[in-house]
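Novice:
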Amino acid sequence: MGLEVSPRKMRECAHFWFEVESEIGVSERDQRWEDPALLPRAGDLVDVKKFLESTIVPDDLSGLL
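So this is what it looks like as structure tokens:
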């Protein structure tokens, strides 16, 4: 199985993960890889802060009911 990624997309991804690390640190960044639901989609590469906000799980889940 092969995966082809353009050089431009590779740069966008590298920049995205650099920004994620800058915002939340290495260990939090690495935790994103533990659950496929937390991984970004192509559209998420544009706005790191929006992506991170979309993956926050509140401590008190009662507000979600």
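Mind the numbering: the sequence shown is residues 1 to 65 in our numbering, read in order.
A virtual CB, placed ideally from N, CA and C, is assigned to each residue, including glycine.
1. So residue 40 packs on residue 16, CB below 8 angstroms; how close in whole Å?
2. Could you tell me how far apart the beta carbons of residue 20 and residue 52 are, in whole angstroms, since I believe they sit closer than 8 angstroms?
3. With the cut-off set at 8 angstroms, would you say residue 38 and residue 32 are in Cβ contact?
4. Between residue 12 and residue 45, how many whole angstroms is the CB-CB distance? I'm expecting something under 8 angstroms.
Specialist: Looking at the coordinates:
1. Confirmed, Cβ separation roughly 7 angstroms.
2. The distance from the Cβ of residue 20 to that of residue 52 is about 7 angstroms, consistent with a contact at the 8 angstroms cut-off.
3. Taking 8 angstroms as the Cβ cut-off, residue 38 and residue 32 qualify as a contacting pair.
4. Between residue 12 and residue 45 the beta-carbon gap is near 5 angstroms, inside 8 angstroms, which marks them as a contact.
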